[in-house]
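Under this note's numbering, read the sequence shown as residues 5 to 177, first letter to last.
C-beta atoms are modelled at their ideal positions from N, C-alpha and C, and glycine is treated no differently.
Read through the structure below, which is laid out as C-alpha cells, and then see the notes.
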Amino acid sequence: MAKIFFSIGTNLGDRKKNIERAVKMLKKQVGKCVKISSFFVSEPWGFNSDNIFFNIAAEFETELQPFELLEVTQQIEQVIGRTHKTENRKYADRIIDIDILFYDNQIIDSHQLTIPHCLLHKRDFVLYPLAEIAPEFQHPVLKKTIKEIIDSNHKSTQKKRVFIKEQPSSFSK
Ligand code: ADP
Ligand code: MG
C-alpha cells in the first residue's frame, strides 16, 4: 500500500464542485482518502486570467503503481472535462488539474511522469494546502519537510502568501 499526495486545482466553472467530483472519482478508482485540506483560493500563477483558482491537497492510500495512477488521474481529468494539456510551460485556464506530488519516497524522472512533482517546492498554492495536511512529510529529493520548504522560500522572497481559506463543504466519506 503506497501513501500518495495529490494537488488538485481548477479555475473554471463551479470550482468546489469540480474538486469534489475529482475527489469522489479518486476515492472510487485510486483508494482510500486519508486526509484532505481546505480549499485555498488564489490568483492564477504563470499566466494572466481573470479566473481565480481553488486548490486543495489530498493524501490517499493506493495499490496502484505510479504509471497506473497517472493513467487514472488523466482519465478523470478528461471525464470532468479538461480539454487540453499544458504544453511548453504555457499555462491556461483549466476545469481540473490533478497532479501527483509524492508516491511514498519514490523518485521517478521520466518524460511522462516526474515524482516528486517538479514544481511543487516553488508553488505556494501547492505547498500551503500540503502543509495543512502533511507539514512533516519529507521531500525525498530536497530532504526537507514541507514546513521547512515553505520557511526557506519565505527567507529568500521575504514575503508570506496569504490565501483565503474555505473549509471543504461536502466531502462525504
Ligand atoms: P500542468 O499540471 O503542469 O499544468 P498538465 O496537467 O497539462 O500540466 O500535465 C502535463 C503533463 O505532465 C502530463 O501529460 C503528464 O504526463 C506530465 N506529468 C509529469 N509529472 C507529473 C505528475 N507528477 N503528476 C501529473 N502529471 C505529470
Ligand atoms: Mg497537471
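Inset, instruction - Just the C-alpha distance for Q110 and D103, rounded to the nearest angstrom, thanks. - result: 15 Å
Inset, instruction - Please list, in chain order, all residues of the same chain as F64 whose beta carbon is under 6 Å from its beta carbon, the five residues on each side excluded. - result: I8, V34, G35 and C37
Legend entry - Nearest neighbour of H125, chosen from I112, F106 and D113 [CA to CA]: F106
Legend entry - CB contact flag (F51, G13, <8 Å): no
Legend entry - contact_flag[the segment 38-46, the segment 129-145] where n(CB pairs < 8 Å) is 3 or more: Note that the segment 38-46 touches the segment 129-145; at least 3 beta-carbon pairs, one per stretch, sit closer than 8 Å.
Inset, instruction - Run the CB neighbour count on D101, radius 10 Å, all protein chains shown included, and call it buried at 16 or more, exposed below. - result: When all chains shown are included, D101 counts as buried.
Legend entry - I150 to Q142 span [Cα, whole Å]: 7 Å
Inset, instruction - Can you say whether T161 is buried or exposed, counting buried as having 16 or more other CB atoms within 10 angstroms of its CB? - result: Per the 10 Å Cβ criterion, exposed.
Legend entry - Cβ separation of D5 and E67, assumed to be a contact under 8 Å, to the nearest whole Å: For the record, residue 5 in the displayed sequence is Met; it is not Asp. With 8 Å as the limit, M5 and E67 qualify as a contact, their Cβ atoms being about 6 Å apart.
Inset, instruction - With hydrogens ignored, establish whether the beta-carbon of D103 is closer than 7 Å to any heavy atom of the ligand MG. - result: yes
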